[in-house]
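A.B. asks:
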Amino acid sequence: MRIAGGGLVRRWGGRAVGLAITGVGLYIVAPSILSLFGAWPRLADVDPWWFPILVVLEGFSFAALWWLARLALDQHAADQKPPGWGTLATAQLAGNAASKVLPGGAATGSVLQARLLITAGQPAAVVASALTAIGLITTGVLLLLPVLTIPAVLIGPPPARQLELGLLVSLIMAVVIVGLGVAALTWPRFVVLVGRGAGHLIHIVKRSVTAESSAAQLVTQRDRVAAAFEGRWWAAALAAAANRMFDYAALVAALAALDVHVRPSMVLLAYVVAQALAMIPITPGGLGFVDAGLTALLVLIGISPDAALIGTLLYRLASFWLPIPVGLLAWTGWRIHLHITRPSRTDDGQTP
1 MRIAGGGLVR
11 RWGGRAVGLA
21 ITGVGLYIVA
31 PSILSLFGAW
41 PRLADVDPWW
51 FPILVVLEGF
61 SFAALWWLAR
71 LALDQHAADQ
81 KPPGWGTLAT
91 AQLAGNAASK
101 VLPGGAATGS
111 VLQARLLITA
121 GQPAAVVASA
131 LTAIGLITTG
141 VLLLLPVLTI
151 PAVLIGPPPA
161 RQLELGLLVS
171 LIMAVVIVGL
181 GVAALTWPRF
191 VVLVGRGAGH
201 LIHIVKRSVT
211 AESSAAQLVT
221 QRDRVAAAFE
231 GRWWAAALAA
241 AANRMFDYAA
251 LVAALAALDV
261 HVRPSMVLLA
271 YVVAQALAMI
281 PITPGGLGFV
291 DAGLTALLVL
301 IGISPDAALI
311 GTLLYRLASF
321 WLPIPVGLLA
331 WTGWRIHLHI
341 TRPSRTDDGQ
351 TP
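Position 352 (the sequence shown) corresponds to 352 in our numbering; numbering is contiguous.
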């Protein structure tokens, strides 16, 4: 009885703690969520043609992740059939939706995405390696963005109606990211120098971190990414840059729809912080924390509170809320296909 009780504790204890943390997080951010929901009728004031623009931009951002997964899995597809685009899209959309509605966030979504890919015939070890590499390269791009905005912040504000330059800024940033990404994947010495520089800075606030330990850790992560995308580094860097830049462009478009005048470099900084908040697994997909944080950051960079709230709502509608039903449909379609194509256990038992 004690063993059974201990098994139940081990099985459900962690889940109970996760649900409790999620419940507390949702309670804390409930006012911001209600405030955001209360602004939904204001979306009727936005020109309708902005909505398909946002959907297309987010669609390209998701497609870049499918491309990354294809590159990583194709690398090891010599002995098995490579996954089709439909399989990759279904797995990513379903995993993304799960990360937004279930406790655990991105970790839960990755488990579901891996399950779909493994069920489709991909080796478990290859899938785990590919998803790890995708997470590392996309996170690396996100961490690189604040550094790239420093020159724009120092130069000063550009001419009037500067937000319209945001899409051009995203294109320029993508080119720079691709160049730096390829340099990191093909030139280990470059990674060592960056790691040592970061280590010196981190050592100031955390004495246990040294330049050498930081460089070694960064090189280890670089080697994992390089192995996953070997021979296709240009394509991998381009896909990772496209994933972030199309998502950032969607935020710019959401603000441009409200005729907001603000520097795109400052919007980029707000975007990076908001994406960092989404990684904290207190609430699924950073629900509430991202919304409140992004709204506050947009106000901080000079946008009116009303425009910041509506802009955040418009961006989150395309990047957070719309992918949930799309992912649910993808998962449902996968379950139906699996039920039709996989023989039942009864049939298997009756087979002579």
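Every residue gets a Cβ at the ideal spot worked out from N, C-alpha and C, and that includes glycine.
Could you check what DSSP says for Trp334 in three-state terms: helix, strand or coil?
C.D. replies: helix
A.B. asks: Ignoring anything shorter than 3 residues or poking outside the stretch 166-199, list the beta strand (DSSP E) runs there in chain order.
C.D. replies: none
A.B. asks: Tell me which residues share the same chain as Pro353 and place their Cβ nearer than 6 Å to its Cβ, disregarding the 5 neighbours each side in the sequence.
C.D. replies: Since the first and last residues shown for the chain are 1 and 352, residue 353 lies out of range.
A.B. asks: Can you check which of these residues, Val191, Leu117 and Leu136, is closest to Val127 by C-alpha distance?
C.D. replies: Leu117
A.B. asks: Between Ile134 and Ala241, what straight-line distance do the alpha-carbon atoms span, to the nearest angstrom?
C.D. replies: A direct Cα-Cα distance of roughly 12 Å separates Ile134 from Ala241.
A.B. asks: Given that a residue counts as buried once 16 or more other Cβ atoms are within 10 Å of its Cβ, and exposed if not, what is Arg335?
C.D. replies: In the assembly as shown, Arg335 is an exposed residue. Its beta-carbon has fewer than 16 other beta-carbons within 10 Å.
A.B. asks: Exposed or buried, which one is Asp291 when buried takes at least 16 other CB atoms within 10 Å?
C.D. replies: buried
A.B. asks: Return the first residue and the last residue of the alpha helix (DSSP H) that Met279 is part of.
C.D. replies: Run containing Met279: none; DSSP gives neither H nor E here.
A.B. asks: Take Ala160 and list the residues in its own chain whose beta-carbon comes closer than 8 Å to its own, dropping the five residues that flank it on each side.
C.D. replies: Note that Ala160 scores 45 on pLDDT, short of 50, meaning its location in the model is unreliable; the coordinates nonetheless yield the value given after this. For Ala160, where only same-chain residues beyond five positions count, the Cβ hits under 8 Å are His261.
A.B. asks: Between the Cα of Gly59 and those of Thr341, Ala235, Phe190 and Gly327, spot the shortest distance and give me the residue it belongs to.
C.D. replies: Nearest C-alpha to Gly59: Gly327.
A.B. asks: Tell me the residue span of the alpha helix (DSSP H) that contains Glu58.
C.D. replies: Trp50 to Asp74 is the span of the alpha helix (DSSP H), which, as asked, contains Glu58.
A.B. asks: Given this structure, state the Cα-to-Cα distance separating Phe190 from Ala184, to the nearest angstrom.
C.D. replies: 6 Å
A.B. asks: What residues in its chain sit with their C-beta under 7 Å from that of Phe320, if we drop five residues either side in the sequence?
C.D. replies: Lys100 and Gly285
A.B. asks: Do you know how far the Cα of Ala296 is from the Cα of Phe289?
C.D. replies: 10 Å
A.B. asks: Residues in the same chain with beta-carbon distance under 7 Å from Leu136, minus the five sequence neighbours each way, listed in chain order, please.
C.D. replies: Gln221, Arg224 and Val225
A.B. asks: Is DSSP giving Met1 helix, strand or coil here?
C.D. replies: With a pLDDT of 45 at Met1, under the threshold of 50, the modelled position of this residue cannot be trusted, and the question is left open.
A.B. asks: What does a CB cutoff of less than 6 Å around Thr332 pick up in its chain, not counting 5 residues either side in sequence?
C.D. replies: none
A.B. asks: Mind reading off the beta-carbon distance from Ala237 to Leu57? Whole number of angstroms is fine, and I expect it under 8 Å.
C.D. replies: Contact flag wrong, Cβ pair sits at about 20 Å.
A.B. asks: CB-CB under 6 Å to Ala198, same chain, minus the five flanking residues each way: which ones, in chain order?
C.D. replies: Ser214
A.B. asks: Short check: CB of Leu34 to CB of Leu314, under 8 Å?
C.D. replies: no
A.B. asks: Is Leu112 near Gly95, with beta carbons less than 8 Å apart?
C.D. replies: yes
A.B. asks: Pop quiz: Leu71 and Arg244 are said to be a contact at Cβ under 8 Å. What is the actual Cβ separation, rounded to whole angstroms?
C.D. replies: About 16 Å separates the two Cβ atoms, so there is no contact after all.
A.B. asks: Going by DSSP, what residue range makes up the alpha helix (DSSP H) through Pro305?
C.D. replies: Pro305 to Arg316
A.B. asks: Report the CB separation of Pro146 from Leu294 in whole angstroms; it is logged as a contact under 8 Å.
C.D. replies: Between Leu294 and Pro146 the Cβ distance is about 15 Å, and since that is not below 8 Å, they are no contact.
A.B. asks: Nearest-angstrom Cα distance between Thr283 and Gln92?
C.D. replies: When rounded, the distance between both Cα atoms is 20 Å.
A.B. asks: Within its chain, find whatever has a CB closer than 6 Å to the CB of Arg394; leave out the 5 residues flanking it on each side and keep chain order.
C.D. replies: Residue 394 lies beyond the residue range present for the chain, which begins at 1 and ends at 352; the question has no answer from this structure.
A.B. asks: Within 10 Å of its beta-carbon, does Gly140 have 16 or more other beta-carbons around it, so buried, or fewer, so exposed?
C.D. replies: Its Cβ being crowded by 16 or more others within 10 Å, Gly140 is buried.
A.B. asks: Cβ atoms of Phe246 and Ala64: under 8 Å apart, would you say?
C.D. replies: yes
A.B. asks: For Leu201 and Ala97, I'd like the C-alpha separation in whole angstroms.
C.D. replies: 37 Å
A.B. asks: Classify Pro188 as buried or exposed, calling it buried when 16 or more other Cβ atoms lie within 10 Å of its own Cβ.
C.D. replies: exposed
A.B. asks: Work out the CA separation of Ala257 and Val46 for me, nearest whole Å.
C.D. replies: Between the alpha carbons of Val46 and Ala257 lies a distance of about 7 Å.
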